[in-house]
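Asker: Have a look at the structure that comes next, please.
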Amino acid sequence: MLYSVSIITNKYIKRDIQMLQNLKMRHAELTDAKDLYQWRTDPVSVSESLNHQVFTFKSHVSWLKKTLKDPDRSLLIFIDSNGHSVGTGRADKQGSHYLLSWTVAPDVRQQGIGAYIVKMLVKRYHPSKALILESNKASIYIATKAGLNEIKRIDGIVQLESR
Ligand SMILES: CC(C)(COP(=O)(O)OP(=O)(O)OC[C@H]1O[C@@H](n2cnc3c(N)ncnc32)[C@H](O)[C@@H]1OP(=O)(O)O)[C@@H](O)C(=O)NCCC(=O)NCCS
70 MLYSVSIITN KYIKRDIQML QNLKMRHAEL TDAKDLYQWR TDPVSVSESL
120 NHQVFTFKSH VSWLKKTLKD PDRSLLIFID SNGHSVGTGR ADKQGSHYLL
170 SWTVAPDVRQ QGIGAYIVKM LVKRYHPSKA LILESNKASI YIATKAGLNE
220 IKRIDGIVQL ESR
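Read in order, the letters of the sequence shown correspond to residues 70 to 232 in our numbering.
See below:
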């Protein structure tokens, strides 16, 4: 019995590692508007974001159009081997550093994708920082694992910066 559990576990671990190794990254396009809107307005994303405001799809499309033209903002989309979009990462140039943020598609969370996205962001955008709600333990954990250090906590917000 234990033996078969270990085979199943190994199978899942192998599948997950392979899935993460096959993730691709590209810049966002206007055709990503629907996915980005769905991920951002999912109830968990709304409650874990610094800005809890829920906005309309129309205002989201205006935001995306502006974002795609902004030289100081990079919006990336992560794609799995089946061509499905699974998450997004953003880097905003603010003076000498980049402010990072990220979201994983609700149906593929807890599979290591968030950790992968943050690792890629920290590698690509340096020096970087992130502002995360104290309650968002998973994001604090994956940011720390990716190399960001907690600098301070103010009013329930944790500030982390690259080493
Ligand atoms: C937060 C979020 C990005 C995580 O993505 P994910 O793909 O589910 O995360 P991963 O599977 O890569 O890893 C989550 C890790 O956090 C850990 N974790 C989860 N809950 C935790 C908790 N309460 N305390 C500590 N660690 C926790 C998990 O154990 C996992 O670590 P492990 O792989 O070493 O076991 C995703 O849930 C999301 O998109 N949330 C909504 C949007 C959001 O919060 N964005 C960030 C704003 S800065």
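We put the CB at the ideal spot given by N, CA and C, even for glycine.
1) Can you give me the Cβ contacts of residue 25 inside the same chain, cut-off strictly under 8 Å, excluding the 5 residues immediately before and after it?
2) How many Å lie between residue 239 and residue 220 at the Cα?
3) Around the Cβ of residue 159, are there at least 16 other Cβ atoms within 10 angstroms (buried) or fewer (exposed)?
4) Check for me: the beta strand (DSSP E) holding residue 107 runs from which residue to which?
5) Whose CA, out of 164, 108, 149, 140, lies closest to the CA of residue 196?
6) Please name the residue in 222, 169, 88 whose C-alpha comes closest to that of residue 193.
7) Which whole-angstrom value is the C-beta distance of residue 141 and residue 127, which I expect to be below 8 Å?
8) State buried or exposed for residue 86, treating a residue as buried only when at least 16 other CB atoms are found within 10 Å of its CB.
9) Can you give the Cα-Cα distance for residue 217 and residue 98, rounded to whole angstroms?
10) Taking the alpha-carbon of residue 109 as reference, which of 148, 230, 182, 171 has the nearest alpha-carbon?
11) Flag this pair as yes or no: are the beta carbons of residue 174 and residue 143 separated by less than 8 Å?
12) Kindly indicate which three-state DSSP category residue 203 falls into: helix, strand or coil?
13) Can you determine whether any heavy atom of ligand 1 sits closer than 7 Å to the C-beta of residue 138, and answer yes or no?
Answerer: Judging by the given coordinates:
1) No information on residue 25 is available, as it lies outside the stretch 70 to 232 that the chain covers here.
2) What the structure shows of the chain is the stretch from 70 to 232, and residue 239 is not part of that stretch, so it cannot be assessed.
3) Buried is the call here.
4) For residue 107, there is no enclosing beta strand (DSSP E); the residue is part of the alpha helix (DSSP H) that begins and ends at 102-110.
5) With distances taken between CA atoms, residue 196 lies nearest to 164 out of 164, 108, 149, 140.
6) Minimum Cα distance to residue 193 is reached at 169.
7) In this structure residue 141 is not in contact with residue 127, their Cβ atoms being roughly 24 Å apart against a cut-off of 8 Å.
8) Counting Cβ neighbours within 10 Å, residue 86 comes out exposed, since fewer than 16 surround it.
9) For residue 217 and residue 98, the gap between their C-alpha atoms comes out near 28 Å.
10) Measuring from the Cα of residue 109, the nearest candidate turns out to be 171.
11) No; because the gap between Cβ atoms is not below 8 Å, this pair is not in contact.
12) DSSP places residue 203 in coil when its eight states are reduced to three.
13) Checking the Cβ of residue 138 against ligand 1 gives no.
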